[in-house]
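To start, the structure under review is shown below, and the notes come after it.
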Amino acid sequence: MSGILITNGRVVDPSQSMDRVTNILIEEGKVAAYDVAIDAGSTNGSTITLDASGKIVAPGLIDMHAHLGEPGGEEDETIESGTKAALSGGFTSIACAPNTNPPIDTQGTVQFVKQQAADADNCNVYPIACVSKNRSGEELAEMGTLVDAGAVAFSDACSPVSNPELMRRALEYLLMFDKPLLSHPEVRELSGDGVMHEGLVSTVLALPGMPADAEAVMTSRDISLAESTGGRIHMMHISAAGSIDLIRRAKSRGVRITAEVSPQHFSLTDESLRSFDSNCKINPPLRGQQHVDACIAALKDGTLDVIASDHQPQAVEKKMQELDQAPFGVIALETTLALVITKLIRPGHLDWLSALEKLTIRPARVLGIPKGTLQIGADADVTIIDPDETWTVDPEHFFSKSENTPYRGETLYGRASTVIVSGAVKFERNA
Amino acid sequence: MNTDVMEKLAGTDRWTQPDLLGLEHLSAEEITIILDTAQQLKEMTNGCAEKLDLLRGCTVANLFFENSTRTRTSFSLAARRLGADVIDFSSSGSSLSKGETFIDTAKNIEAMNVDSVVVRHRTPGTPHLLAKNIRCSVINAGDGAHEHPTQGLLDIMTIREHRKKIAGLTVALIGDISHSRTARSNIWGLKKLGAHVIVCGPSTLVSRRWEELGVEVAYSLDSILPRCDVLNLLRIQFERQITRPFPSVREYALLYAMTGERMARAKDDILIMAPGPINRGTEVTPEVADGPHSVILHQVTNGLAVRMAVLYLTHEVNR
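What follows is the structure, encoded as structure tokens:
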């Protein structure tokens, strides 16, 4: 394998608190050296030199919450198309959600996902497996054998584990494997048939609402169970100010809890639903400005550890239905990085180090995977970002098979220009 | 004769909207144009009894995805009074059950060279989606609990006929505000024309959030009754309620039914309205519904006039 010398880039690696302009040498698929003179790199005839002047050189981004459709939802996305979209979005590793058909609740499905990912040969894919068999919330899935097969975390994805006894048992059982339980915090009886956040806008539009309480009440339950069992819990797609308060207090008591937010929830509000566009229908719903402000504040103070895309492709014909019939979800792999830059870094809410921390080393630690760092000897997963590229969202040019983005036509800043996985260039924009 | 009629229809040239999706986004002037046009059409047709040929050669499609007798009949008759042909397309439940998206269904109807589509659907926003996807005029005949603009307009027209004005009046909408498209269209229309609007009903069916939009929220009918110039008694939408928002119909009637006893405590010239169909005994007792203050049947006639006006105005823009 030929080496790569990345020159003159601003290397931002939160795992080493590094933010400086330097050269990085990659050899044998690993980070080999810093501060290498350009001559030294080029003396080895097979070394490629990538000029990263004016660009950010980051550890390969990690998305711990992507739905890839396959198996069972190939009309929405395949592992091949989803991982290609991930690369284009700057991600070198993604964890895929188990709400497939069949769900990822056996060794066989875990192995299928890994095999499809290996065949696609785009980015690294880490399967998340189900908490309960068939995601039905009744019986524990065979977690031990799923860990053996390669599952990195457990979740009933898009369904809460409604039964508190089962949730408690799952947290206790997972202590043996030190794997996190990824919770979808929602009290279904409270969100009911809702299609959007319950608030003034839902009152005016007469659309059934999903109150913020639906999330906060379940978050409160999960914190209690994590605290009493000592289990490791990770709250997915947090959207409500009340849940954030609860998580902040739990962390200060030392509860083993982490939390993520999707870019949708820090960049859009329920006002978007005034268009009646089903591409704004997500679960948890886009909420009011006070909740968006709470999310941003929690990203700043570290209450929210991770930014995860919650990429959820839905084929065009599914989203073309009436708002109550159309399924939840938006595609997000190809907009997440730009939204972090446009909505968090450029307005000054987060600097590059703290923003990239939530896209690299933090999700790596939650999942317990040896990624998200550019330390010498680490896998050479690298994302080179052009922070100033101005582009307009057009899902017809996305790699995802689906087009369900709420950002169509919006101008965003910053994009991945080169993506390297284990020392191999896997994606180059305009190449 | 047609040019003659058009000359008489004053103010219609100021109308610019190809669709009527709701009253929320109309201006006071636009609402007034519709009301004035409806009033003129009502007079020209001898109380909506005779025919004009303003829309001769045009086709109006009724696209009803939810059961309706009154509104559909009213739209059909309004279109025929203007000389248009009418086709009816009814389907309960989702179009998806036949494997076709709602938009595909509408595009099929449009391909039959239809000029206007009148749509009713159980889901809010469906007429708006339709308007984005087809070229002909789209008229909202009720989208879930969101808007029912022609109902709002006919209610306002009825008040205006009896009181000669809207500004300064106190109008109370009584009952199930949460599930009422009539309430929402009334709120927007009345507010824009300067009325004071009260929404009054059980707290589980009347959101406090309406206060943020300048609407008075009340839970006691008896306390607001003496101040009201108009009461619009909304039907309890049992079919839209997922959980029962109050303990019993009996308790509801005790708190909110308009009875003869309550009439005695109202203003002498109070107007009693109801968008129909009414649950006699629940929202209103027969003596009030059929009494001298009731204008319920005027509303029905004005419904024809308003729908003629809306079909005519939107069609002229799209012609």
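Each protein sequence line maps, in turn, to chains A and B.
Counting from 15, one number per residue, gives the positions in the first sequence under the working numbering.
Counting from 25, one number per residue, gives the positions in the second sequence under the working numbering.
Don't be surprised by glycine CBs; every beta carbon is placed ideally from N, CA and C.
Predicted model only: the values in this text are computed from it and were never measured.
In its own chain, which residues sit with a C-beta less than 8 Å from the C-beta of residue i, not counting the 5 before and 5 after it?
i: residue 166/A; result: 109, 140, 141, 142, 193, 381, 382 and 383
i: residue 231/B; result: 201, 202 and 241
i: residue 276/B; result: 226, 260, 270 and 306
i: residue 280/B; result: 198, 199, 224, 225, 226, 245 and 307
i: residue 387/A; result: 27, 29, 30, 73, 374, 375 and 378
i: residue 178/A; result: 235 and 239
i: residue 303/A; result: 283
i: residue 232/A; result: 174, 197, 199, 200 and 201
Ignore the nearest five residues each way along the sequence and tell me which others in residue i's own chain have a CB closer than 6 Å to its CB.
i: residue 181/A; result: 175 and 239
i: residue 24/A; result: 35 and 70
i: residue 311/B; result: 284
i: residue 309/B; result: 283
i: residue 144/B; result: 88, 90, 92, 165 and 166
Determine the direct distance from the alpha carbon of residue j to that of residue i, and round the result to whole angstroms.
i: residue 293/A; j: residue 313/A; result: 25 Å
i: residue 172/B; j: residue 189/B; result: 22 Å
i: residue 225/B; j: residue 272/B; result: 14 Å
i: residue 46/B; j: residue 164/B; result: 7 Å
i: residue 216/B; j: residue 257/A; result: 39 Å
i: residue 275/A; j: residue 151/B; result: 33 Å
i: residue 247/A; j: residue 323/A; result: 19 Å
i: residue 414/A; j: residue 88/B; result: 36 Å
i: residue 301/A; j: residue 253/A; result: 7 Å
i: residue 429/A; j: residue 367/A; result: 17 Å
i: residue 441/A; j: residue 125/A; result: 25 Å
i: residue 221/B; j: residue 226/A; result: 29 Å
i: residue 438/A; j: residue 205/A; result: 45 Å
i: residue 358/A; j: residue 352/A; result: 10 Å
i: residue 78/B; j: residue 325/B; result: 19 Å
i: residue 354/A; j: residue 169/A; result: 25 Å
i: residue 134/B; j: residue 109/B; result: 14 Å
i: residue 263/B; j: residue 422/A; result: 37 Å
i: residue 30/A; j: residue 374/A; result: 12 Å
i: residue 213/A; j: residue 237/B; result: 13 Å
i: residue 229/B; j: residue 208/B; result: 13 Å
i: residue 323/B; j: residue 179/B; result: 6 Å
i: residue 184/B; j: residue 176/B; result: 12 Å
i: residue 42/A; j: residue 65/A; result: 20 Å
i: residue 431/A; j: residue 284/A; result: 32 Å
Looking only at its chain, what residues have a beta carbon closer than 7 Å to the beta carbon of residue i, apart from the 5 residues adjacent to it on each side?
i: residue 118/B; result: A caution first: residue 118/B carries a pLDDT of 49, below 50, which makes its placement in the model unreliable, though a value can still be read off. Cβ within range, chain order: n/a, list empty.
i: residue 209/A; result: 221, 222, 295, 337 and 338
i: residue 33/B; result: 61 and 64
i: residue 153/A; result: 146 and 147
i: residue 106/A; result: 74, 75, 137, 138, 395, 397, 433 and 435
i: residue 338/B; result: 41, 42, 43, 44, 140, 161 and 163
i: residue 49/A; result: 36 and 37
Return the bridge partner residues of residue i from the DSSP annotation.
i: residue 271/A; result: 247/A
i: residue 24/A; result: 35/A and 70/A
i: residue 223/A; result: 210/A
i: residue 427/A; result: 404/A
i: residue 240/B; result: 222/B
i: residue 164/B; result: 143/B
i: residue 396/A; result: 73/A and 434/A
i: residue 64/A; result: 20/A
i: residue 48/A; result: 38/A
i: residue 282/B; result: 308/B
i: residue 138/A; result: 107/A
i: residue 318/A; result: None, per the DSSP bridge assignment.
i: residue 256/B; result: 197/B and 297/B
i: residue 325/A; result: 80/A and 344/A
Unbroken stretches of the beta strand (DSSP E), 3 residues or longer, contained in the stretch 182-222 of chain B: 194-198
contact_flag[the stretch 278-291 of chain B, the stretch 247-254 of chain B] where n(CB pairs < 8 Å) is 3 or more: yes
Touching by the beta-carbon criterion (3+ pairs, under 8 Å), the stretch 266-283 of chain A and the stretch 311-325 of chain A: yes
Every unbroken beta strand (DSSP E) inside the stretch 150-198 of chain A [3 residues or more]: 195-197
Segment contact, 8 Å Cβ cut-off, at least three pairs: the stretch 357-372 of chain A with the stretch 109-123 of chain A: no
In chain order, each beta strand (DSSP E) run of at least 3 residues that lies wholly inside the stretch 293-319 of chain B: 295-297
Every unbroken alpha helix (DSSP H) inside the stretch 355-396 of chain A [4 residues or more]: 366-371 and 375-381
Alpha helix (DSSP H) runs wholly inside the stretch 43-113 of chain B, at least 4 long, in chain order: 52-68 and 94-105
Touching by the beta-carbon criterion (3+ pairs, under 8 Å), the stretch 93-100 of chain B and the stretch 70-77 of chain B: no
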